[in-house]
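K.L.:
Residue numbers (this note's numbering): 123 to 291.
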């Protein structure tokens, strides 16, 4: 009886790894980097996690959870409620529809795919804020953010792959 309960708790904890890692990545990613000439640029660690888990384990990171994580980031970060959720759900939809293409491909193809998703997410985010302020905003900080995400994606993918193999395989 106790073995069954412990096995169930263990499996539940393992199934929460994508959610937990994505929330931790969100919190780490919210730390602003003081780059010269930019007020605040953050690394999109949460988007990297979303990309990895939707491609490899979409059963453990469902759309409602992604939406909730986006709302949490908006609440903590002070951004307009729903703006991050919208970007994440759009990325989720794109990735889930293209998941078959990415499975079994080389890491370079995944990296290119992430570069496209990060650039698209940055463009949507920039557009939303430009529309909300009714002005043409400087796009350089958003592009730097996307480029930093693309540059750090190999390291993050390696870490996520290690977690995936250790706890979910």
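Beta carbons: idealized from backbone N, C-alpha and C, even for Gly.
(1) Considering only C-alpha positions, which residue in the set 215, 205 and 251 is nearest to residue 192?
(2) Tell me whether the beta-carbon of residue 154 lies closer than 8 Å to the beta-carbon of residue 145.
(3) Leaving out five residues before and five after residue 252 in sequence, what residues of the same chain have Cβ atoms less than 7 Å from its Cβ?
(4) Give me the residue from 272, 213, 196 and 249 with the minimum Cα distance to residue 230.
(5) Quick test of the definition: if touching needs 3 or more C-beta pairs under 8 Å, does the region 216-231 touch the region 171-178?
(6) What's the C-alpha gap between residue 270 and residue 225?
(7) Which full runs of the alpha helix (DSSP H) of 4+ residues lie inside the region 131-164, going along the chain?
P.N.:
Answer, in terms of the structure:
(1) The shortest C-alpha to C-alpha distance from residue 192 to any of 215, 205 and 251 is the one to 205.
(2) The answer is no: Cβ separation not under 8 Å.
(3) Cβ neighbours of residue 252 beyond the five flanking positions: 258 and 259.
(4) Closest option to residue 230, Cα to Cα, is 272.
(5) Counting Cβ pairs under 8 Å, three or more are found: they touch.
(6) Between residue 270 and residue 225, the C-alpha separation is close to 24 Å.
(7) Listed in chain order, the complete alpha helix (DSSP H) runs (minimum 4 residues) inside the region 131-164 are 139-151.
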